[in-house]
Ligand code: SF4
Ligand code: SF4
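Residue numbers (my numbering): 171 to 376.
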């Protein structure tokens, strides 16, 4: 992976677009995008994104490096693949968004714009990577706590008590058992360390 180009003050500087094309998986097909908007129109999370995929691609072309890497678009993606299967030009939209997200994380842009989505993604990842499973209770506690410590945990917990009780009554969540953990968590840890080593060797891991 080559070094991310400096932010340019020139209008329509192609340096960033070329860098994305050469360094983000799938982005070599981004020049096939005809700006039809099918991807953005098909995206169930489109109204949660600061910029839909169509707009992000135009921003990349326009050299808007800072705005692209600070956008919450990739954090909002739920990997439903609507955009991928519907794009008439076979642009791997979702993969490109995720790749841009990996660049944003690696270059420190994502940390600068911490959002609810980031906090939830971190809570999800920390739970899954430590226990090998996601557990609603563990993810929720981490997520609520991240928003503002114990005060946030208590207030958000109380505000969502009705949902929690509904899950308990429907036997979708237990309040008595401990969160599930897989056997062989040391093997999982070894796999993740190896993956990180490969990612570091190959760059952004996009
Ligand atoms: S659906 Fe494909 S061609 Fe249309 S705007 Fe999205 S990426 Fe571009
Ligand atoms: S994969 Fe992501 S970007 Fe594509 S339609 Fe689904 S949520 Fe939207």
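All C-beta atoms, glycine included, are put in the ideal place defined by N, C-alpha and C.
These numbers were taken from a predicted model, which means no experiment stands behind them.
Taking all protein chains shown into account, residue 250 has fewer than 16 neighbouring C-beta atoms within 10 Å of its C-beta and is therefore exposed. The three-state secondary structure of residue 346, taken from DSSP, is coil. Approximately 6 Å separates the beta-carbon atoms of residue 297 and residue 305; this is inside 8 Å, confirming the contact. The beta carbons of residue 254 and residue 200 sit no closer together than 8 Å. Contact check for residue 174 against residue 226 fails: the beta carbons are separated by 8 Å or more. Around residue 288, the same chain offers 245 and 280 as residues with beta carbons nearer than 7 Å, after the five sequence neighbours per side are excluded.
DSSP places residue 266 in the uninterrupted alpha helix (DSSP H) bounded by 263–276.
By the criterion of a C-beta distance shorter than 7 Å, residue 293 is surrounded in its chain by 309, 312, 313 and 316, once the five residues flanking it on both sides are discounted.
In the three-state DSSP reduction, residue 226 falls in the helix class (H, G or I). Spanning the alpha carbons of residue 357 and residue 270 requires a straight line of approximately 30 Å.
Per DSSP, the continuous alpha helix (DSSP H) segment holding residue 246 begins and ends at 243–246.
A straight line joining the alpha-carbon of residue 214 with that of residue 259 spans about 20 Å.
Contact annotation, residue 207 with residue 224: C-beta distance approximately 5 Å; criterion of less than 8 Å satisfied.
For residue 225, the shortest C-beta to heavy atom distance toward ligand 2 is 7 Å or greater. Within 10 angstroms of the beta-carbon of residue 248 lie fewer than 16 other beta-carbons, which makes it exposed.
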